[in-house]
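Written below as structure tokens is the structure these notes are about.
In the working numbering, the protein residues as written are 4 to 65.
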């Protein structure tokens with residue numbers, strides 16, 4: 004991770020990933036981070052709900 008950045012690796016299982024992602028986003032928001040960057044999750048049916056949620060959440064900041 005670049006200097007001044009925190010890097011978090013989430014699990015590869017989409018169900019566990021989703022649970023951890025939502026908890027992590029709340030934690031980071033409460034911690035007052037100026038910016039949260041996410042790598043796009045893998046493509047595929049198992050990940051569509053996660054992709055949709057990230058897209059909706061990020062739309063508020065466009």
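The C-beta atom is built at its ideal place from N, Cα and C for all residues, glycine as well.
- When the alpha-carbon of residue 49 is set against those of 10, 19, 30, 25, the nearest one is in 19.
- Residue 28 and residue 5 have their alpha carbons spaced roughly 20 Å apart.
- Annotated three-state conformation of residue 42 is coil, per DSSP.
- Here residue 41 has 57 as same chain residues with Cβ atoms under 7 Å from its own Cβ, once five neighbours each way along the sequence are excluded.
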